[in-house]
Structure formats: structure tokens, C-alpha cells
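Below: the structure, in C-alpha cells.
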Amino acid sequence: MIEHWMFNCKEVSLKVSESLDRRLPLFQRLMIRMHLMMCRYCARFHRQILLIRELVRYTQPMENTFNKSGTLPPDARARLKQTLKSASAGS
Amino acid sequence: MNRSKAEEAYILNPETWVDRYGDYLYRFALSRVKDPGVAEDLVQETFLAALRGLQNFKQRSSGHTWLTAILKHKIVDFLRKKHREQVIEDIETVSESTDGFFKNSGSWRIRPAKWDINPAKIFEQQEFMDVLLKCLAQLPERLARAFMLREMEGLSTEEICKSMQISATNSWVMLYRARTYLRRCLEINWFDKPTGEVE
Numbered sequence: 000m001i002e003h004w005m006f007n008c009k010e011v012s013l014k015v016s017e018s019l020d021r022r023l024p025l026f027q028r029l030m031i032r033m034h035l036m037m038c039r040y041c042a043r044f045h046r047q048i049l050l051i052r053e054l055v056r057y058t059q060p061m062e063n064t065f066n067k068s069g070t071l072p073p074d075a076r077a078r079l080k081q082t083l084k085s086a087s088a089g090s
Numbered sequence: 000m001n002r003s004k005a006e007e008a009y010i011l012n013p014e015t016w017v018d019r020y021g022d023y024l025y026r027f028a029l030s031r032v033k034d035p036g037v038a039e040d041l042v043q044e045t046f047l048a049a050l051r052g053l054q055n056f057k058q059r060s061s062g063h064t065w066l067t068a069i070l071k072h073k074i075v076d077f078l079r080k081k082h083r084e085q086v087i088e089d090i091e092t093v094s095e096s097t098d099g100f101f102k103n104s105g106s107w108r109i110r111p112a113k114w115d116i117n118p119a120k121i122f123e124q125q126e127f128m129d130v131l132l133k134c135l136a137q138l139p140e141r142l143a144r145a146f147m148l149r150e151m152e153g154l155s156t157e158e159i160c161k162s163m164q165i166s167a168t169n170s171w172v173m174l175y176r177a178r179t180y181l182r183r184c185l186e187i188n189w190f191d192k193p194t195g196e197v198e
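Line by line, the protein sequences give chains A and B.
0 is the number of the first residue of the first sequence in numbering that gives the first Met the number 0; add one for each residue after it.
0 is the number of the first residue of the second sequence in numbering that gives the first Met the number 0; add one for each residue after it.
Pasting the structure below:
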């Protein structure tokens with residue numbers, strides 16, 4: 000009967016991911032916290048998907064994150080302006 | 000949101016986009032696709048998509064963030080098409096589905112490995128973003144889209160459900176699959192742990 004109430008790793012990994020998208024009910028939060036205390040792999044999974052979230056957000060556009068060299072060639076710039084102009088006019 | 004009036008004026012006036020954001024987006028695209036012609040096309044598609052979606056641009060983010068988010072979608076679409084025609088050589092194809100990570104009993108079959116986080120390496124953001132976009136390109140299109148809307152554009156799951164016409168439960172499962180896949184793909188290609196952790 001006890002097992003019936005316990006989440007296994009597969010369920011915990013789903014719930015851990017879900018907790019990044021919504022607030023889970025109290026009971027589920029407690030069950031997950033207990034599982035994470037006992038299971039190092041699920042705890043890792045949890046830390047790692049949180050890390051991925053941080054990294055993805057942290058690597059949001061910042062001018063210095065990539066090679067500065069390379070600006071739009073003048074002809075490309077002109078083409079883009081033309082395209083945008085006719086697209087805006089058409090809309 | 001702390002978006003300046005000036006920024007808002009720029010974004011609401013598409014004629015200023017090329018001068019204001021063109022170089023930035025072009026460099027971003029070029030650093031990922033390495034082909035000036037393709038980079039230009041991607042920037043053009045980004046601007047056109049932005050123009051179509053201008054009314055959806057709320058006080059959510061800066062113009063740079065918004066346009067870069069659209070550009071990332073375009074890059075991932077491009078990489079996906081490209082890889083469909085080519086053998087992927089620089090990245091190992093990860094064939095395990097989400098279920099494949101677990102035994103029938105629900106315990107881990109491919110256990111998450113310990114990631115050695117090297118503070119110097121973690122700031123090699125160009126490299127990380129390259130690997131991330133390649134991993135995203137390997138995901139089924141809708142999973143990648145859900146993930147990017149959530150984590151790159153910061154939409155709530157309610158907004159994602161509306162935009163993709165899916166149920167809340169469906170969105171959680173899709174985001175779970177995307178995260179699980181990406182976690183494993185990064186483990187293999189960024190943290191150099193191809194086998195996961197074995198007993």
C-alpha cells in the first residue's frame with residue numbers, strides 16, 4: 000500500500016519538470032521533496048533542468064556573447080530595408 | 000517592465016529595425032549558420048515574422064530579446080531542415096525516448112550523470128548556445144517550439160496552451176519531454192558524459 004502513495008523516479012522527474020511550470024499541490028510537493036532527499040539521481044535531474052533554465056535565460060542576447068565582427072553588408076542592408084518597406088506597406 | 004520609451008518607439012516603427020537591430024541579428028545568425036546568404040535570409044524571415052506578430056509584442060521584453068527569440072526559432076527550423084538532409088556528424092543522435100530513460104519499474108535506466116561544472120567553461124556562452132540550438136533542432140518541432148516559448152520567451156504555460164492549442168496537461172508533458180531530451184543531449188555534447196552514470 001505504501002508504494003501506491005509513493006512516486007517512482009519516472010513520475011518524480013515529470014513532477015519536478017511540472018514544478019517549473021506551475022505550483023504543485025502541497026501533497027505532491029511534500030512527496031517530491033521526500034523522494035529528492037532519498038534519490039540522488041532525481042535530485043540531479045532537478046538541479047540540472049534548473050541549471051538548463053538558468054543557462055538558457057542567461058545566454059539571452061548580450062552584445063558580448065558572440066563574435067563582434069560581421070556587420071550587415073550594405074547590399075543586404077538595402078535589400079532588408081526594401082523588403083520591410085514593401086511588407087509594411089502591404090499590411 | 001522597465002522598457003524605455005525610446006525602445007518602444009523603435010520597435011513600433013519597423014522602418015528603424017534594420018538600422019537598429021540588423022547588425023546584431025545578422026551577427027547572431029552568422030555565428031550560428033556560418034553562411035552570409037543564409038544569415039541574411041534568416042534575418043529577413045525574422046523581421047517579416049516580427050512584422051506579422053507586432054500586435055503580439057506586449058511589454059514582455061526588449062526589442063532585442065523579442066527579435067532574437069524569433070531569430071532563434073528560425074535558426075532551429077533551418078538546422079532541423081538541414082539535418083534532415085544530412086547525416087549529423089558533429090552531434091551524436093540521441094535515440095532514447097523519454098520512456099527509454101526509465102526501467103519498467105519507473106526507476107532510472109540511464110541515470111543523470113554528475114555534471115562537472117567548470118566555471119570557465121560555463122561562460123563559453125557561444126559554445127553553449129550552439130550546442131543548445133543543435134539539440135533543439137533534433138527535437139520534434141512542436142516540442143522545440145513549446146520549450147522555446149517557455150524558456151526563451153518566458154511565456155506562461157497558459158499562454159503556450161493558447162498559442163499552440165493544447166491542454167495544460169499536454170503542455171507540461173511536452174515541456175517535460177523537451178527538458179529530458181535536452182538534458183541528455185547537453186550531457187552528451189556539452190558535459191561529455193555519453194554513457195550517463197552506470198552502476
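Even for Gly, the Cβ is constructed at its ideal location relative to N, Cα and C.
For clarity, every value in this text was computed on a predicted model and none was experimentally measured.
Taking 8 Å as the CB-CB limit, is residue i close to chain A?
i       : result
V37(B)  : no
K161(B) : no
G173(B) : First, the residue type needs correcting, since residue 173(B) is Met and not Gly in the sequence shown. No, M173(B) does not count as interfacial toward chain A.
R141(B) : no
G99(B)  : no
S106(B) : yes
T194(B) : no
D191(B) : no
R144(B) : no
K33(B)  : no
Y180(B) : no
K113(B) : yes
L131(B) : yes
E158(B) : no
L185(B) : yes
E150(B) : yes
D127(B) : For the sequence presented, residue 127(B) should be read as Phe rather than Asp. Output row for F127(B): interface = yes.
L154(B) : no
R79(B)  : no
E95(B)  : Bear in mind that the predicted position of E95(B) carries a pLDDT of just 46, short of 50, making it too unreliable to give a figure here.
Against chain B, does residue i count as a neighbour if the rule is that its beta carbon must be under 8 Å from one of theirs?
i      : result
L23(A) : no
R28(A) : no
N66(A) : Summary for N66(A): the model assigns pLDDT 47, below 50, so the residue's position carries little reliability; its value from the coordinates is reported in the next sentence. Yes, N66(A) counts as interfacial toward chain B.
S85(A) : no
A88(A) : no
R32(A) : no
L35(A) : no
Just reading off the alpha helix (DSSP H) that residue i is part of, what are its end residues?
i      : result
R22(A) : Element bounds for R22(A): n/a, residue is neither H nor E.
D18(B) : 16-32
I10(B) : 4-10
T45(B) : 35-51
Mind checking whether the beta-carbon of residue i lies closer than 7 Å to any heavy atom of the ligand MG?
i      : result
D20(A) : For the structure depicted, the ligand MG is absent and the ligand set is empty, with no information on it obtainable.
> Of all the residues that make up the segment 38-51 of chain A, which are near chain B by a beta-carbon distance shorter than 7 Å?
Replying inline: Taking 7 Å as the Cβ-Cβ cut-off against chain B, the residues of the segment 38-51 of chain A that qualify are Y40, R43, F44, Q47, I48, I51.
> Looking at chain A, which residues of the segment 40-74 of chain B have a Cβ within less than 7 Å of any of its Cβ atoms?
Replying inline: Listed by position, the residues of the segment 40-74 of chain B near chain A (Cβ gap below 7 Å) are V42, Q43, F46, L47, L50, H63, T64, T67.
>> So if I threshold CB-CB distances at 9 Å, which residues from the segment 3-21 of chain B count as touching chain A?
In response: Listed in sequence order: P13, E14, W16, V17, D18, G21.
> Unbroken alpha helix (DSSP H) runs of length 4 or more, entirely within the segment 23-57 of chain A: which are they?
Replying inline: Fully enclosed alpha helix (DSSP H) runs of 4 or longer: 25-37, 39-57.
> Residue ranges of each alpha helix (DSSP H) run of no fewer than 4 residues wholly in the segment 115-167 of chain B, ordered along the chain?
Replying inline: DSSP assignment within the segment 115-167 of chain B yields the following whole alpha helix (DSSP H) runs of 4 residues or more, N-terminal first: 118-121, 124-137, 140-146, 156-163.
>> Under 8 Å, with one C-beta from each stretch per pair, do the segment 29-45 of chain B and the segment 77-89 of chain A reach the 3-pair mark?
In response: Per the Cβ contact rule, the segment 29-45 of chain B is in contact with the segment 77-89 of chain A (3 or more Cβ pairs under 8 Å).
>> Across the segment 140-150 of chain B and the segment 65-79 of chain B, are there enough close Cβ pairs to call them in contact, namely three or more that are closer than 8 Å?
In response: With three or more CB-CB distances shorter than 8 Å, the segment 140-150 of chain B counts as touching the segment 65-79 of chain B.
> Taking one C-beta from the segment 43-51 of chain A and one from the segment 168-182 of chain B each time, how about it: are there three or more such pairs within less than 8 Å?
Replying inline: The segment 43-51 of chain A vs the segment 168-182 of chain B: in contact.
>> Count Cβ pairs between the segment 182-189 of chain B and the segment 129-137 of chain B that sit closer than 8 Å; are there 3 or more?
In response: Enough Cβ pairs lie closer than 8 Å, so yes.
>> Whether or not the segment 28-39 of chain B and the segment 47-56 of chain B are in contact is what I'm after, with contact meaning three or more pairs of Cβ atoms, one per stretch, closer than 8 Å; do they touch?
In response: No, the segment 47-56 of chain B is not in contact with the segment 28-39 of chain B.
> Is the segment 7-22 of chain A touching the segment 100-116 of chain B, taking contact as three or more C-beta pairs under 8 Å?
Replying inline: Touching, yes.
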